[in-house]
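*Asks:* Residue numbers (the working numbering), protein chains in the order written: chain A, 510 to 790; chain B, 6 to 300; chain C, 7 to 363.
Ideal Cβ positions, reconstructed from N, Cα and C, are used throughout, including at glycine.
All figures in this text were calculated on a predicted structure; none of them were measured in a lab.
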Amino acid sequence: MNQLHILGRRLWIFSVWSLVAFFIVNLLAMIATVITSSTATRWLRSWLPDAYTFKWYLSAWSEFQLDDVLVTTFQVVFAVVALSGLFGVPAAYAMARRDFPGKNIVMLLFLLPMLVPPVTFGIPLATVLYKTGLGGTMAGVVLANLVPTVPFVILVMIPFIEQIDPKIESAARVFGASTFQLFWRILLPLLLPGMLAALLLVLVRTIAMFELTFLTAGPTSQTLVVALYYAVFAAGVRAVQSIDAMAVIYMAITVIWLIIALRFVNPAQIVTRAKQQPSAH
Amino acid sequence: MDHKHQTGLKVRLAARGLDGVTLLVIPSVMLMIGLFIYPFFYGLWLSFNPKEGSFLANYARFFADPFLYETINKTLWIAMPATLINILFAVPVAFRVRLMQNQRWLTTLLVLPITLGTVLVAEGMLNYLGPQGWFNRTIMLLGLTAGPVKLVHNYWGVMLSLIITGFPFTFLLILSYVTGIDPALENAGKTLGARATSRFRHIFLPLLIPGLAITFCLSFVQAFSVFPSAVLLGAPAGPTRVISIAAYQAAFEEYDYSMASAIAMIMGFVQLGIVVAILSVRGLFYRGPAVGGKG
Amino acid sequence: MSTDHSAFRSLRLEQVGRVFGAHNALKNLNLEIQRGEFVALLGPSGCGKSTALNCIAGLLTTSSGSIWLDDRRIDVLDAEERGFGMVFQNYALFPHMSVRQNIGFGLKMRDVPSAEIAKRVDQALATVRLESQADKLPGQLSGGQQQRVAIARAIVIEPPLVLMDEPLSNLDAKLRLEMRQEIRRIHAGLGSVTIYVTHDQDEALSLADRIVVLRDGEIRQVGTPEDLYMRPAKLDVADFMGFRNRINGRVAQQSGDQVVLDIGGVHVQGQARETITGPTAVASLRPDDLVAVAANEAGAFSALVEAIEYRGRDFFGSARLPDQTEVFFRSHHRLNAGEPVHLMADKSKLLIFNQEA
Numbered sequence: 510m511n512q513l514h515i516l517g518r519r520l521w522i523f524s525v526w527s528l529v530a531f532f533i534v535n536l537l538a539m540i541a542t543v544i545t546s547s548t549a550t551r552w553l554r555s556w557l558p559d560a561y562t563f564k565w566y567l568s569a570w571s572e573f574q575l576d577d578v579l580v581t582t583f584q585v586v587f588a589v590v591a592l593s594g595l596f597g598v599p600a601a602y603a604m605a606r607r608d609f610p611g612k613n614i615v616m617l618l619f620l621l622p623m624l625v626p627p628v629t630f631g632i633p634l635a636t637v638l639y640k641t642g643l644g645g646t647m648a649g650v651v652l653a654n655l656v657p658t659v660p661f662v663i664l665v666m667i668p669f670i671e672q673i674d675p676k677i678e679s680a681a682r683v684f685g686a687s688t689f690q691l692f693w694r695i696l697l698p699l700l701l702p703g704m705l706a707a708l709l710l711v712l713v714r715t716i717a718m719f720e721l722t723f724l725t726a727g728p729t730s731q732t733l734v735v736a737l738y739y740a741v742f743a744a745g746v747r748a749v750q751s752i753d754a755m756a757v758i759y760m761a762i763t764v765i766w767l768i769i770a771l772r773f774v775n776p777a778q779i780v781t782r783a784k785q786q787p788s789a790h
Numbered sequence: 006m007d008h009k010h011q012t013g014l015k016v017r018l019a020a021r022g023l024d025g026v027t028l029l030v031i032p033s034v035m036l037m038i039g040l041f042i043y044p045f046f047y048g049l050w051l052s053f054n055p056k057e058g059s060f061l062a063n064y065a066r067f068f069a070d071p072f073l074y075e076t077i078n079k080t081l082w083i084a085m086p087a088t089l090i091n092i093l094f095a096v097p098v099a100f101r102v103r104l105m106q107n108q109r110w111l112t113t114l115l116v117l118p119i120t121l122g123t124v125l126v127a128e129g130m131l132n133y134l135g136p137q138g139w140f141n142r143t144i145m146l147l148g149l150t151a152g153p154v155k156l157v158h159n160y161w162g163v164m165l166s167l168i169i170t171g172f173p174f175t176f177l178l179i180l181s182y183v184t185g186i187d188p189a190l191e192n193a194g195k196t197l198g199a200r201a202t203s204r205f206r207h208i209f210l211p212l213l214i215p216g217l218a219i220t221f222c223l224s225f226v227q228a229f230s231v232f233p234s235a236v237l238l239g240a241p242a243g244p245t246r247v248i249s250i251a252a253y254q255a256a257f258e259e260y261d262y263s264m265a266s267a268i269a270m271i272m273g274f275v276q277l278g279i280v281v282a283i284l285s286v287r288g289l290f291y292r293g294p295a296v297g298g299k300g
Numbered sequence: 007m008s009t010d011h012s013a014f015r016s017l018r019l020e021q022v023g024r025v026f027g028a029h030n031a032l033k034n035l036n037l038e039i040q041r042g043e044f045v046a047l048l049g050p051s052g053c054g055k056s057t058a059l060n061c062i063a064g065l066l067t068t069s070s071g072s073i074w075l076d077d078r079r080i081d082v083l084d085a086e087e088r089g090f091g092m093v094f095q096n097y098a099l100f101p102h103m104s105v106r107q108n109i110g111f112g113l114k115m116r117d118v119p120s121a122e123i124a125k126r127v128d129q130a131l132a133t134v135r136l137e138s139q140a141d142k143l144p145g146q147l148s149g150g151q152q153q154r155v156a157i158a159r160a161i162v163i164e165p166p167l168v169l170m171d172e173p174l175s176n177l178d179a180k181l182r183l184e185m186r187q188e189i190r191r192i193h194a195g196l197g198s199v200t201i202y203v204t205h206d207q208d209e210a211l212s213l214a215d216r217i218v219v220l221r222d223g224e225i226r227q228v229g230t231p232e233d234l235y236m237r238p239a240k241l242d243v244a245d246f247m248g249f250r251n252r253i254n255g256r257v258a259q260q261s262g263d264q265v266v267l268d269i270g271g272v273h274v275q276g277q278a279r280e281t282i283t284g285p286t287a288v289a290s291l292r293p294d295d296l297v298a299v300a301a302n303e304a305g306a307f308s309a310l311v312e313a314i315e316y317r318g319r320d321f322f323g324s325a326r327l328p329d330q331t332e333v334f335f336r337s338h339h340r341l342n343a344g345e346p347v348h349l350m351a352d353k354s355k356l357l358i359f360n361q362e363a
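Put into structure tokens, the structure is as follows:
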């Protein structure tokens, strides 16, 4: 009776881990395919390419105007990061420190854009942007991307600020600190780690944010991920290797920023949407 | 006299939580209202102001044209199974992982598909799962099939991509719920003679159901809005013509923003309807903290 | 499920050890407990008492050694199969089940018929006096009530062993005193073994038949409450039991277990609890057994008062000896800080130990 149980348990554990391994192996193989393809001269009917080359990267660079696209991407991403911080951190501070009438409604207002998927609110948003002339411009793209990121910053920062004892601020006041000194010497240093974490996460998420940019961008305001989409979409016209080269460039950028972000953040926080416990890092 | 009155007002406001600091919320609130609330109401209004016809013309057209109303079915037919599969797999994996000391490597690997995004996953799958790709080659080599299995440009491609990008999210959410259950409860179960399956059935499952309901809602809503995978990996004119494609086409191919708004509204309401249904069932279960007592 | 335990005679731990990575939490524990005993595992935090309890329960595996119930080896069994009742520090009541369902859970797991379950649950509810709360959820009960449900849940399965892990530490002082009596009463009614983990000396002294004092994973002393209170066998045990004074002195004379120490010129005599090696030793004494006396009494040593506190019946003071050792004493009169004072030790209560390495 006992033996059967032990066997059953071991079998179960084995199957669960096999599932995880299967997932990860396929994931990594998928990524490897893209990388291999991007460096292949020709790769049609064999396990591995005939020969390897870097020429596709050069051709992708010019074909897809990657220099412009990359510049645009970074402009958009950094604008989004800066603005979400500027809007979000003070708002988070107010939400964490004050209990005012209507606070629940305001909280709901910040929660909704995280719960509603981008396509659902993206179409009406794009409509409004086009009607006001911001559609297709970089400003429009930045504004659209702010919708999920500002609440994200707020939701990440609120528990962080709540952890800072308000008595520290009172103590600073008692010792004669002006509001500016309070902010600059006390609050900012304490908030910096949390802000860094939140803004790095915003950066990673915005690079990968497809739907909102896709719906609001014009030909000169596309980010890399949107350009990649169009390239894949028109796959019949371009060489697969070229598209894959672009994909690798995109992957490299995303992964580099992911690694940087992970130095400061728990991986699970990247997916913070709604109610999550503040992670113990 | 005047001065005293003014100070009195400031103090009274502060007692209710309204002072200079509270005003810091205003810019973000205005941003959300302008970019989220207002577009929603504008879209709602616009949907009732079609290019031609009565105020219900858009909706009438949607439900009259099978090419349009069938998108709801097709999207549900993709989103529901994907979400259920993700949850079904995520639960046992979460139960195993919660016992691990160092979870960081695993979570980093699993977060990769989310970070890379749906577009890259789609391109990767086109390469990897294509008829000449490594996946098909491997299963043919192992003798599992005679010829390549068609996994791209069809329903299965989209389904698989939803699982790849959705599973990590579902898993992380469920893991957080599972670790939120007081471990002493499992220990109490053990000392009372409950084996692993009994512990799951009587202790864990009832306490997890509220969390599972929320996870289902969030994952389903995400899956229901599938877009780039449906186009790149699916058959966007046929079985994987999802509702977001219909909305996009109305907006950017027909330039009919009114119709596009109507479709977006319908999309939103279907999602809302299912979420409300799930949450009301959740309300029937114990929803309190999953701890065993004070202390 | 498992065999009938009602006829068991003893629980034995043989050379039980438990290692956590580099940390040795339990070192070769040897202990035998007879049926009917109430044994307390006492010690400061980190001493290994909870680890030992969890090993007995089966919630932790032993790294070495074995645990026996009579002649059955039980450390190879899972916790589910041991059939012991356990009361947890934070009660661990299933929050989604009513009190009745919580208590009946163990019986349900043993496939006891529901009529029988109902009967035994009612009995258990009567034992802990919670009949009126039977259908409430744990969240609706007070701390003391939750504690009683936890106890009822552990005893309803009529286990040979009831394990309690600091069950009263989350209750307020008054409730703790009440619950102590309840626990003692329930134990007497059951006639099985209770193993009770606590860091509270008073609790152990009032509840236990025998106390096991642990420190750093080792048993320092096992004895009745009186043994431990009056005659601690080691310096750290004495310290733990309230012998706050540790005064160093030169060994002047030894005869049998009576030792005379020279403390700053004054000779004090006490009972040695271990063989005194070395030229110096430590005199250990409770503050209440060191009294401030008149200047000219023989055998008193001098010190300088640091602080004095009014206790109603007398005063509690702290002072410094010439070698700067801090001592605590009792005084019938108020003294002033900085004043010299003469302290007389009650030689029948003074214990002598070797100095710690």
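Could you please give the first and the last residue of the uninterrupted alpha helix (DSSP H) stretch that includes Ser212/C?
*Replies:* As a working mapping, residue 212/C is identified with position 206 in the third sequence. Unbroken alpha helix (DSSP H) run through Ser212/C: 207-213.
*Asks:* Can you give the beta carbon distance from Leu284/B to Leu223/B, rounded, assuming they're within the 8 Å contact cut?
*Replies:* Walking along the second sequence from the start, residue 284/B turns up at place 279. Walking along the second sequence from the start, residue 223/B turns up at place 218. The pair is not a contact, with the Cβ atoms about 11 Å apart (cut-off 8 Å).
*Asks:* At the level of alpha carbons, what is the spacing between Phe246/C and Asp128/C?
*Replies:* To locate residue 246/C, count along the third sequence from 1; it is residue 240. To locate residue 128/C, count along the third sequence from 1; it is residue 122. Near 41 Å, if we compare the C-alpha coordinates of Asp128/C and Phe246/C.
*Asks:* Please say whether Pro622/A and Pro668/A have beta carbons closer to each other than 7 Å?
*Replies:* Position 159 of the first sequence, counting from 1, holds the residue named residue 668/A. Position 113 of the first sequence, counting from 1, holds the residue named residue 622/A. The answer is no: Cβ separation not under 7 Å.
*Asks:* Comparing C-alpha positions only, which one of Phe321/C, Gln361/C, Ala313/C, Asp206/C sits nearest to Ala343/C?
*Replies:* Reading the third sequence from its first residue, position 337 is the one you call residue 343/C. Nearest C-alpha to Ala343/C: Ala313/C.
*Asks:* Establish whether the CB of Trp139/B and some CB of chain A are separated by less than 7 Å.
*Replies:* In the second sequence, counting from the first residue as 1, residue 139/B sits at position 134. By this cut-off, Trp139/B is an interface position.
*Asks:* Below 8 Å on the Cβ atoms is my guess for Gly597/A versus Val659/A; work out the distance and round it to an integer in Å.
*Replies:* Numbered from 1 along the first sequence, position 88 holds the residue referred to as residue 597/A. Numbered from 1 along the first sequence, position 150 holds the residue referred to as residue 659/A. Yes, they are in contact, since the Cβ atoms of Gly597/A and Val659/A sit about 5 Å apart, within 8 Å.
*Asks:* Does any residue of chain B bring its CB to less than 7 Å from the CB of Gly112/C?
*Replies:* For the purposes of this step, residue 112/C is taken as residue 106 along the third sequence, with counting starting at 1. Yes, its Cβ sits closer than 7 Å to a Cβ of chain B.
*Asks:* Quick one, are the C-beta atoms of Thr123/B and Ser249/B less than 7 Å apart?
*Replies:* Taking the first residue of the second sequence as position 1, residue 123/B is located at position 118. Taking the first residue of the second sequence as position 1, residue 249/B is located at position 244. No.
*Asks:* Would you identify the three-state DSSP class for Glu315/C, choosing helix, strand or coil?
*Replies:* As a working note, residue 315/C is residue 309 in the third sequence. Correct three-state label for Glu315/C: strand.
*Asks:* Where does Ile119/B sit, in a helix, a strand or coil, going by DSSP?
*Replies:* For the purposes of this step, residue 119/B is identified with residue 114 of the second sequence, where counting begins at 1. DSSP places Ile119/B in helix when its eight states are reduced to three.
*Asks:* Quick one: does Gln785/A have its CB under 7 Å from some CB of chain B?
*Replies:* Here residue 785/A corresponds to residue number 276 of the first sequence, with the count starting at 1. Note that Gln785/A scores a pLDDT of 41, beneath 50, so its modelled location is shaky and nothing firm can be said.
*Asks:* Once DSSP output is grouped into helix, strand and coil, what is the label at Met718/A?
*Replies:* By 1-based counting over the first sequence, the position of residue 718/A is 209. Note: Met718/A maps to coil in three-state DSSP.
*Asks:* Would you mind reading off the limits of the beta strand (DSSP E) that contains Ala278/C?
*Replies:* Counted from its first residue, the third sequence places residue 278/C at position 272. Unbroken beta strand (DSSP E) run through Ala278/C: 272-278.
*Asks:* With a threshold of 7 Å between beta-carbons, can Leu177/B be considered close to chain E, or not?
*Replies:* No chain E appears in this structure, whose protein chains are A, B and C.
*Asks:* Judging by CA-CA distance, which residue of Lys56/B, Leu61/B, Phe172/B is the nearest neighbour of Thr220/B?
*Replies:* Taking the second sequence and counting its residues from 1, one reaches residue 220/B at position 215. Measuring from the Cα of Thr220/B, the nearest candidate turns out to be Phe172/B.
*Asks:* Would you please verify whether the beta carbon of Met704/A is less than 7 Å from any beta carbon of chain B?
*Replies:* For the purposes of this step, residue 704/A is taken as the residue at position 195 of the first sequence. Answer no: the Cβ-Cβ gap between Met704/A and chain B never drops below 7 Å.
*Asks:* Is it a yes or a no for the region 252-263 of chain B touching the region 33-46 of chain C, going by three-plus beta-carbon pairs under 8 Å?
*Replies:* Contact fails: fewer than three Cβ-Cβ distances are below 8 Å.
*Asks:* What does Ile663/A touch in chain B if you count any residue whose Cβ is under 8 Å from its own?
*Replies:* Locating residue 663/A in the first sequence gives position 154, counting from the first residue. Per Cβ cutoff of 8 Å: Ser33.
*Asks:* Which residues of the region 760-771 of chain A have a Cβ closer than 7 Å to any Cβ of chain B? Give them in chain order.
*Replies:* Here the close residues are Met760, Thr763, Leu767, Leu771.
*Asks:* By DSSP's criteria, Trp110/B is part of a beta bridge. Which residues make up the other side?
*Replies:* Residue 110/B sits at position 105 when you count from the first residue of the second sequence. Its beta-bridge partners do not exist; DSSP assigns none.
*Asks:* Tell me, to the nearest whole angstrom, how far the beta carbon of Ala189/B is from that of Ala98/C; I am working on the premise that it is less than 8 Å.
*Replies:* In the second sequence, residue 189/B corresponds to position 184, counting from 1. In the third sequence, residue 98/C corresponds to position 92, counting from 1. 4 Å between Cβ atoms; contact.
*Asks:* Which residues bound the alpha helix (DSSP H) around Phe225/B?
*Replies:* Here residue 225/B corresponds to residue number 220 of the second sequence, with the count starting at 1. Run containing Phe225/B: 210-229, per the alpha helix (DSSP H) assignment.
*Asks:* Pick out whichever of Ile123/C, Arg292/C, Met236/C has its Cα sitting closest to the Cα of Glu164/C.
*Replies:* For the purposes of this step, residue 164/C is taken as the residue at position 158 of the third sequence. Taking only the C-alpha atoms, the option nearest Glu164/C is Ile123/C.
*Asks:* Report buried or exposed for Tyr316/C, applying the criterion of at least 16 other Cβ atoms within 10 angstroms of its Cβ.
*Replies:* Taking the first residue of the third sequence as position 1, residue 316/C is located at position 310. Answer is exposed; the Cβ neighbour count stays below 16.
*Asks:* In the region 237-266 of chain C, which residue ranges form an unbroken beta strand (DSSP E) of at least 3 residues, counting only runs that do not cross its ends?
*Replies:* Fully enclosed beta strand (DSSP E) runs of 3 or longer: 251-261.
*Asks:* With DSSP collapsed to three states, give me the class of Ala287/C.
*Replies:* By one-based count along the third sequence, residue 287/C stands at place 281. DSSP places Ala287/C in strand when its eight states are reduced to three.
*Asks:* Hey, how far is the Cα of Val22/C from the Cα of Thr68/C?
*Replies:* The residue given as residue 22/C occupies position 16 in the third sequence. The residue given as residue 68/C occupies position 62 in the third sequence. Whole-angstrom Cα-Cα distance: 7 Å.
*Asks:* With 16 other CB atoms within 10 Å as the buried threshold, where does Val662/A fall?
*Replies:* Working through the first sequence from its first residue, we reach residue 662/A at position 153. Result: buried.
*Asks:* Using only the alpha-carbon positions, how far apart do Val228/C and Ile62/C sit?
*Replies:* For the purposes of this step, residue 228/C is identified with residue 222 of the third sequence, where counting begins at 1. For the purposes of this step, residue 62/C is identified with residue 56 of the third sequence, where counting begins at 1. One C-alpha to the other measures close to 18 Å.
*Asks:* If we require 3 or more residues per run, which beta strand (DSSP E) segments fall completely within the region 66-136 of chain C?
*Replies:* DSSP runs (the beta strand (DSSP E)) wholly in the region 66-136 of chain C: 70-75, 91-93.
*Asks:* Under 8 Å, with one C-beta from each stretch per pair, do the region 187-196 of chain C and the region 102-120 of chain C reach the 3-pair mark?
*Replies:* Verdict: no, contact absent.
*Asks:* Do Ser337/C and Ala304/C come within 7 Å of each other at the CB atom, strictly closer than that value?
*Replies:* Taking the first residue of the third sequence as position 1, residue 304/C is located at position 298. Taking the first residue of the third sequence as position 1, residue 337/C is located at position 331. Not a contact, by the Cβ cut-off of 7 Å.
*Asks:* So, does the CB of Pro211/B fall closer than 7 Å to a CB anywhere in chain C?
*Replies:* Taking the first residue of the second sequence as 1, we reach residue 211/B at position 206. Cβ-Cβ to chain C under 7 Å: yes for Pro211/B.
*Asks:* Apart from the five residues on each side of it in sequence, which residues of its chain come closer than 8 Å, Cβ to Cβ, to Asn654/A?
*Replies:* The sequence position of residue 654/A within the first sequence is 145, counting from 1. Val585, Val589, Thr715, Met718, Leu721, Thr722.
*Asks:* Provide the residue(s) that pair with Ile225/C in DSSP beta bridges, ordered along the chain.
*Replies:* As a working mapping, residue 225/C is identified with position 219 in the third sequence. In DSSP, Ile225/C forms a bridge with Leu220/C.
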